[in-house]
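Peer 1:
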Amino acid sequence: MGFPQWLDIYEEAWADERAPAGRSCPECGRAELGLAFVRPASSSSGVMAALWCGACLHGVFLGNCSEPESGRIWSRDEARRAGLVPNYTVIPPV
């Protein structure tokens, strides 16, 4: 359990946003992972990535990421209006 396992899932998801769909949560084992790439309002390049488990509400938050090869990039306002990213407990890097 922990940050390294979350990072492995993120690296797969960066190349293919569907990657987390079949993966189990490193914290609780359930396959309810969500992923969102969000562009900060103050940035014209780089995105933030939120990767979380919808079952246990644990996950990671990565800032200043390269834009993914596939997948939608949400503006911060769009993500907020859509309620896209839940309030989850962030697993810190080790």
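Take 1 as the starting number for the sequence shown in the UniProt record's numbering and just add one per residue.
For each residue, glycine too, the CB sits at the ideal point set by N, CA and C.
Just so you know, these numbers come straight off a predicted model, no measurement behind them.
1. Where does LEU51 fall in DSSP's three states?
2. Provide the residue span of the alpha helix (DSSP H) that contains LEU84, from first to last.
3. Quick check on GLU27: buried or exposed, where buried means 16 or more other Cβ atoms within 10 Å of its Cβ?
4. Is ARG80 buried or exposed, if buried means 16 or more other CB atoms sit within 10 Å of its CB?
5. So what's LEU62 in DSSP terms, helix, strand or just coil?
Peer 2: Taking the geometry as given:
1. Reading the sequence shown from its first residue, position 51 is the one you call residue 51. Here LEU51 sits in strand by DSSP.
2. Within the sequence shown, the letter at position 84 stands for residue 84. Boundaries for LEU84: no alpha helix (DSSP H) harbours it, and the DSSP string shows neither H nor E there.
3. On the sequence shown, residue 27 is found 27 positions in, with the first residue counted as 1. GLU27 comes out buried.
4. If you number the sequence shown from 1, residue 80 lands on position 80. Flag for ARG80 reads exposed.
5. Counted from its first residue, the sequence shown places residue 62 at position 62. Correct three-state label for LEU62: strand.
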